[in-house]
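Asker: The numbering of the sequence shown is this note's numbering, which starts it at 16 and goes up by one.
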Amino acid sequence: MSKFIFHTVETAPEKSKPMLEGAVKQMGAVPGLFAVMAESPETLKAYQQLHQIFMNCSFDAEELTVVWQTINVEHECTFCVPAHTAIAHSMKVDPALTEALRNEETMPTEKLQALHDFTLAMVRERGNVSNEQMDAFFAAGYGQQQVLEIILGLSQKVISNYTNHVAKTPVGPMFEQFAWTKKRN
């Protein structure tokens, strides 16, 4: 079995070094996900750009968290669930919402439940959602723009969740206080 390289600023390819230096400046360390992605500067750059673009879409902090964590939990990403728990805390998202997402419980509002349900349908059905699912999402107050923005968020999460799966990225000290494993029924 091949082991993935977890780069530091010093070992990273030249094109990745500035991005890792930026992570150290912003977060105080290189997150494991970035350390793996540094092997492919283009993948790291794409992930960082998608993250920033998704952060600037029409969703508020709670809605961003619902989309991210719905996907992370469904993909069983033991790195991204803790990382996005930390991000949610930094964005002042109610911890009750974060815990509901981590534990696959009901959302605190009907609108967030509709967002969660539709995002989950998009993941599970690979975008082939039914007219009924689409109508329910629109009835909750969302529109075509938000459908497309869920696809944007899903694109970001596929890059990170799949990278973490193949590399078996450890949570590490940065996010270990939010460690997570999927509850089995």
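Just so it is clear, CB atoms sit at the ideal spot from N, CA and C, and this is done for glycine as well. Please read all numbers here as calculations on a predicted model, not as lab measurements.
#1: For Val162, report the span of its alpha helix (DSSP H) as first-last.
#2: Would DSSP call Cys72 helix, strand or coil?
#3: Can you tell me whether Asp109 is helix, strand or coil according to DSSP?
#4: Report all residues from its chain with a CB closer than 6 Å to the CB of Ile174; omit the five preceding and five following residues, and keep chain order.
#5: To the nearest angstrom, how far is the alpha carbon of Glu78 from that of Arg141?
#6: For Trp83, which residues of its own chain have a beta-carbon under 7 Å away from its beta-carbon, when the five flanking residues on both sides are left out?
#7: Below 8 Å on the Cβ atoms is my contact criterion, and I expect Pro123 with Ala136 to pass it. Report the Cβ-Cβ distance as a whole number of Å.
#8: Among the candidates Gln41, Leu35, Ser31, Ala76, whose CA atom is the shortest distance from the CA of Glu57?
#9: DSSP state of Pro188, grouped into three classes?
#10: With a threshold of 8 Å on Cβ separation, who are the neighbours of Val24 within its own chain once the five nearest residues in sequence on each side are excluded?
#11: What residue from Lys18, Thr134, Gly158 has the CA that sits closest to His90's CA?
#12: Report the three-state DSSP secondary structure of Pro123 (helix, strand or coil).
#13: Can you give the beta carbon distance from Phe193 to Ala101, rounded, assuming they're within the 8 Å contact cut?
#14: In whole angstroms, what separates the C-alpha of Leu65 from that of Ala115?
#15: Around the C-beta of Glu120, are 16 or more other C-beta atoms found within 10 angstroms, so that it is buried, or is it exposed?
#16: Just how far apart, CA to CA, sit His22 and Ser105?
#17: Could you tell me the boundaries of the alpha helix (DSSP H) in which Glu36 lies?
Answerer: Reading it off the structure:
#1: The residue labelled residue 162 in the question sits at position 147 within the sequence shown. First-last of the alpha helix (DSSP H) with Val162: 159 to 182.
#2: Stepping through the sequence shown from its first residue, residue 72 is reached at position 57. Coil at Cys72, not helix or strand.
#3: Stepping through the sequence shown from its first residue, residue 109 is reached at position 94. Note: Asp109 maps to coil in three-state DSSP.
#4: For this step, residue 174 is matched to residue 159 along the sequence shown. Taken in chain order, the residues that qualify are Tyr62.
#5: Position 63 of the sequence shown, counting from 1, holds the residue named residue 78. Position 126 of the sequence shown, counting from 1, holds the residue named residue 141. Between Glu78 and Arg141, the C-alpha separation is close to 20 Å.
#6: As a working mapping, residue 83 is identified with position 68 in the sequence shown. For Trp83, where only same-chain residues beyond five positions count, the Cβ hits under 7 Å are His99, Gly168, Lys172.
#7: Position 108 of the sequence shown holds residue 123. Position 121 of the sequence shown holds residue 136. With 8 Å as the limit, Pro123 and Ala136 do not qualify as a contact, their Cβ atoms being about 20 Å apart.
#8: Numbered from 1 along the sequence shown, position 42 holds the residue referred to as residue 57. Minimum Cα distance to Glu57 is reached at Ser31.
#9: Mapped onto the sequence shown, residue 188 falls at position 173. In the three-state DSSP reduction, Pro188 falls in the helix class (H, G or I).
#10: Taking the sequence shown and counting its residues from 1, the one referred to as residue 24 is at position 9. Correct list, in chain order: Lys32, Leu35, Glu36, Val39, Val45.
#11: Here residue 90 is taken as the residue at index 75 of the sequence shown, counted from 1. It is Thr134 whose Cα lies nearest to the Cα of His90.
#12: As a position in the sequence shown, residue 123 is number 108, starting the count at 1. Here DSSP, grouped into helix, strand and coil, assigns Pro123 to coil.
#13: Within the sequence shown, residue 193 is the residue found at index 178, counting from 1. Within the sequence shown, residue 101 is the residue found at index 86, counting from 1. Indeed they touch by this definition, with Cβ atoms about 6 Å apart.
#14: Working through the sequence shown from its first residue, we reach residue 65 at position 50. Working through the sequence shown from its first residue, we reach residue 115 at position 100. Leu65 and Ala115: Cα-Cα distance of roughly 25 Å.
#15: Along the sequence shown, one-based indexing puts residue 120 at 105. Under this definition Glu120 is an exposed residue.
#16: Here residue 22 corresponds to residue number 7 of the sequence shown, with the count starting at 1. Here residue 105 corresponds to residue number 90 of the sequence shown, with the count starting at 1. The straight-line gap from Cα to Cα measures roughly 26 Å.
#17: Here residue 36 is taken as the residue at index 21 of the sequence shown, counted from 1. Segment 32 to 42, the alpha helix (DSSP H) holding Glu36.
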